[in-house]
Every structure is written in structure tokens, then in C-alpha cells.
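Position 37 of the sequence shown, counted from 1, bears residue number 24 in the working numbering, the numbering being contiguous throughout.
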Amino acid sequence: MLSGKILRDAIISGANNIINNKESVDELNVFPVPDGDTGTNMSMTIRNAVAELNMLSDSATVETVAQTAASGMLRGARGNSGVILSLLFRGLSKGLAGKHEATVEDYCNALKLGSESAYKSVMKPTEGTILTVARVAYEKVSKADCKDFK
């Protein structure tokens, strides 16, 4: 089972990776405009969520963690990539609504909703972007033969 604490810590860890590697992500930025700010915008967006996630107790549910991350990212969203990231987490939070803990199946369904939410937020979705990463993550998890998160 995926607890709120584990989900919170995983999101914060992922956020730290984005923040620590924002320059590398900026260099990858070529679509839709090669303005080199994707890593910067994503790190600013997710930093807002981390601040809010750090205020949650270890007993927070996966629902609370996902909603906190999504709302924090939406409030702190910067640029297209930040908005897309916030909407990805909005979909994820919808998939975890009402859950104290999440099974692998619950999390897989939440990833699907996150990917769909992100794709719907873009008028002309283009492969090779964060949208692809979200979709492939869902596809890999949905095909994985695992019963738990170990």
C-alpha cells in the first residue's frame, strides 16, 4: 500500500531532482518555443507544492497529499510546463480522491487520470514532451506485474 507519507516524500524527492537539475531540463526545452525555461518554470511550480507538502503530518492520507500537491502547483504554476505539471497532479489527485492509502491499481488509475488531464490541457498535444513522459509512465505501470510498491 502507498501511504500519504510515502507519496509526500516521493513527490518532494522528485521535486528536489527537478530543482537540482533545472538547468539540464532548460537545455532540453525546444518545444513549443525554445526559450530554455522549462526546468526553471517546473522548479518554481513544484517548489510551491513542496512548501505546502512540508506542512502535512506523517499521517496525511494519499488523497490529502495529492490534493495539496496539485493545489500548491496550480497556485505556483509558471509557464506552460508549470501549468501542465499542475494539471497532471490535478488528475492524479482526482484518481486518489477518497483514498486513505492507495493500491498499485489505485495509483495506476490515478496516473492515467493525470496523463489524460495533462493532454486535455493542451490544444495540440505534441509527443516528445512532458505529456509523453506522463503517458508512458502510466503505460509502464499499467503493464507491470506487481502487486505492491516494493
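Beta carbons: idealized from backbone N, C-alpha and C, even for Gly.
- For A124, the secondary structure class from DSSP, reduced to helix, strand or coil, is helix.
- Residue range -9 to 7 is occupied by the alpha helix (DSSP H) that includes A2.
- A Cβ-Cβ contact shorter than 8 Å links A121 with S102.
- Rounded to whole angstroms, the gap between the alpha carbons of T51 and T116 is 28 Å.
- Across the structure, A38 and M110 are spaced so that their CA atoms are roughly 31 Å apart.
- Counting only the Cα atoms, N35 lies some 5 Å from G63.
- With a cut-off of 8 Å on Cβ pairs, the stretch 85 to 99 is in contact with the stretch 44 to 59, counting three or more such pairs.
- R65 and T32 do touch by the CB rule: their CB atoms are close to 5 Å apart, below 8 Å.
- Here V123 is exposed. Its C-beta has fewer than 16 other C-beta atoms within 10 Å.
- Burial check for D24: the Cβ neighbour count within 10 Å reaches 16 or more, so the residue is buried.
- Here M42 is exposed. Its C-beta has fewer than 16 other C-beta atoms within 10 Å.
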